[in-house]
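Protein chains in written order, with the UniProt record's numbering: chain A, 1 to 93; chain B, 1 to 257.
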C-alpha cells in the first residue's frame, strides 16, 4: 500500500514505455507480475516487503528480458565465431 | 557511593572516548551527565562499558588496563562502523558525474546517452576485437552478446563505449595493442541487467554434524556489440587464405619483439 502511494507514481513516470496496471485481488498475496515481449510472465510475491524492496524487485523485472532463468552455457553468444577462419592443425602461418 | 564511583569512572571513560571518536561520544557524554543512573542505556557503546565496570572497584591499578581494553574494543567497533558507512557510501556516493566517469574508467567503459530510433544494429561485418571488461576479456564481433558482471552507472538501453581494446582483427589485417590500442573503440548497447540462475552453495563436513546451505544469484549485464572502430573493414568478403600468410607475419614479429 505504501509502495503504491509513494513509489509507484515515480516508477510509472520513469518508465513511460511500460503499462502499469493495479488490481485489487482479494484472498491472494500481493504480487508483481511482469509481462514480457516473448510472452513470458514473471511473478514476484511481495508479501511483507518494504516499499524500497518492492521498488528494487520492480526495477529488476523492468531491467530483465523475459528469458527463462537457467544457468548460462557461455558468456559469449555469437553467430559468427570466426573471422579469419577457424584454426585447425593444418593451418600454417 | 557506588554511583559516584561509577559516574567518575564513566566520565574518565568518556574522556578516553572523546580522544578516539568525536561526534557520537558527545551525545553519550550528554546522556551520562543528564542521567545520573547509568543503568539506562541509549547508545550502543554503553553495554560494552558494563563489562569492565566489574573492575572499577579495584581502582588505581586497573584503570589504565580498563581504558586500554576499552580503547581496543572501541577501535574494533569503530572499524565495523566505518565499514558499514563505507558500504552505504558505495551505494549512495556516486552522484557527481566525475566520480561516475572515474569508476567507469576502472571498468573500461564510457556511458553514452540513451538512444531512440537510432540505427545502431548493422549487419554482420567480418571484424573482431578482443575487449577487456573488468577482469574478463572477450573476443567480440558485430552483433554478439556478452554477459558481464553487473556494470554500475548504466541502465537498460544505454550506449557504452568499451575503450580497453587489446586486439583488432579482420580478414586482411590484424592490429595488436601493447597492451591496449588507444584509438580503437567498441560500441555496445546494454540489453538487460538480470540475475543469473540460483547456485546453491552446500558445505558439509561428514561425521561432524556440519551442514550449510547458501543460495547465490550473480547479477549480470547483457551487452550487445554494435560497432567496432579502429580497423579498416574489407568490403569484399572473398579474401581468403593467401592473404592470411601476409597478415600473420606482423603477429610473429610482435610476439618475438
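A virtual CB, placed ideally from N, CA and C, is assigned to each residue, including glycine.
Please identify the residue among the options whose C-alpha is closest to the C-alpha of residue i.
i, options, result
"residue 125 of chain B", "B/171, B/204, B/100, B/118", "B/171"
"residue 79 of chain A", "B/214, B/98, B/123, B/213", "B/123"
"residue 118 of chain B", "B/158, B/151, B/107", "B/158"
"residue 194 of chain B", "A/93, A/19, A/60", "A/60"
"residue 134 of chain B", "B/141, B/149, B/140", "B/149"
"residue 160 of chain B", "B/235, B/230, B/226, B/231", "B/226"
"residue 185 of chain B", "B/164, B/211, B/205, B/191", "B/164"
Give me the Cα-Cα distance between residue i and residue j, rounded to the nearest whole angstrom.
i, j, result
"residue 84 of chain A", "residue 162 of chain B", "22 Å"
"residue 53 of chain A", "residue 74 of chain A", "31 Å"
"residue 166 of chain B", "residue 153 of chain B", "24 Å"
"residue 147 of chain B", "residue 43 of chain A", "24 Å"
"residue 155 of chain B", "residue 183 of chain B", "26 Å"
"residue 7 of chain A", "residue 56 of chain A", "11 Å"
"residue 143 of chain B", "residue 110 of chain B", "19 Å"
"residue 151 of chain B", "residue 65 of chain A", "16 Å"
"residue 97 of chain B", "residue 30 of chain A", "38 Å"
"residue 11 of chain A", "residue 17 of chain A", "11 Å"
"residue 228 of chain B", "residue 141 of chain B", "8 Å"
"residue 177 of chain B", "residue 120 of chain B", "26 Å"
"residue 71 of chain A", "residue 233 of chain B", "36 Å"
"residue 179 of chain B", "residue 132 of chain B", "11 Å"
"residue 230 of chain B", "residue 51 of chain A", "47 Å"
"residue 63 of chain A", "residue 108 of chain B", "22 Å"
"residue 46 of chain A", "residue 32 of chain A", "7 Å"
"residue 223 of chain B", "residue 22 of chain A", "32 Å"
"residue 76 of chain A", "residue 139 of chain B", "8 Å"
"residue 5 of chain A", "residue 219 of chain B", "29 Å"
"residue 19 of chain A", "residue 188 of chain B", "27 Å"
"residue 208 of chain B", "residue 9 of chain A", "53 Å"
"residue 174 of chain B", "residue 82 of chain A", "14 Å"
"residue 116 of chain B", "residue 211 of chain B", "51 Å"
"residue 89 of chain A", "residue 235 of chain B", "29 Å"
"residue 114 of chain B", "residue 14 of chain A", "14 Å"
"residue 137 of chain B", "residue 3 of chain A", "41 Å"
"residue 205 of chain B", "residue 196 of chain B", "28 Å"
"residue 105 of chain B", "residue 181 of chain B", "15 Å"
"residue 58 of chain A", "residue 92 of chain A", "54 Å"
Got a sec: is the Cβ-Cβ distance from residue i to anything in chain B below 8 Å?
i, result
"residue 77 of chain A", "yes"
"residue 20 of chain A", "no"
"residue 33 of chain A", "no"
"residue 56 of chain A", "no"
"residue 60 of chain A", "yes"
"residue 71 of chain A", "yes"
"residue 2 of chain A", "no"
"residue 63 of chain A", "yes"
"residue 46 of chain A", "no"
"residue 43 of chain A", "no"
"residue 80 of chain A", "yes"
"residue 84 of chain A", "yes"
"residue 10 of chain A", "no"
Please check if any C-beta of chain A sits within less than 8 Å of the C-beta of residue i.
i, result
"residue 106 of chain B", "no"
"residue 84 of chain B", "Residue placement at residue 84 of chain B is flagged as unreliable, the pLDDT there being 45, under the threshold of 50; the coordinate-derived value follows with that caveat. Not an interface residue."
"residue 128 of chain B", "yes"
"residue 169 of chain B", "yes"
"residue 160 of chain B", "no"
"residue 156 of chain B", "yes"
"residue 146 of chain B", "yes"
"residue 216 of chain B", "no"
"residue 123 of chain B", "no"
"residue 250 of chain B", "Its pLDDT being 46, under 50, residue 250 of chain B is placed unreliably in this model, and the coordinates cannot settle the point."
"residue 196 of chain B", "yes"
"residue 143 of chain B", "yes"
"residue 153 of chain B", "no"
"residue 149 of chain B", "no"
"residue 235 of chain B", "no"
"residue 261 of chain B", "Missing from the structure shown is residue 261 of chain B; chain B here goes from 1 to 257 and no further."
"residue 232 of chain B", "no"
"residue 187 of chain B", "no"
"residue 191 of chain B", "yes"
Under 7 Å from any heavy atom of the ligand FMN, does the C-beta of residue i make it?
i, result
"residue 87 of chain A", "With respect to the ligand FMN, the structure offers nothing, as it holds no ligand at all."
### Message
If contact is defined by three or more beta carbon pairs under 8 Å, each pair taking one atom from either stretch, is the segment 158–170 of chain B in contact with the segment 123–142 of chain B?
### Response
yes
### Task
May I ask you to verify whether the segment 214–222 of chain B touches the segment 189–205 of chain B, counting CB pairs closer than 8 Å and requiring at least 3?
yes
#### Entry: alpha helix (DSSP H) runs contained entirely in the UniProt domain "Ribosomal protein/NADH dehydrogenase" (2–65) of chain A, provided each spans 4 or more residues
2–6, 8–14, 51–63
#### Entry: Ordered list of beta strand (DSSP E) runs contained in the segment 142–210 of chain B, each at least 3 residues
145–149, 158–162, 165–169, 174–176, 185–195, 199–205
### Query
Can at least three beta-carbon pairs, one atom from the segment 34–42 of chain A and one from the segment 98–118 of chain B, be found at a separation below 8 Å?
no
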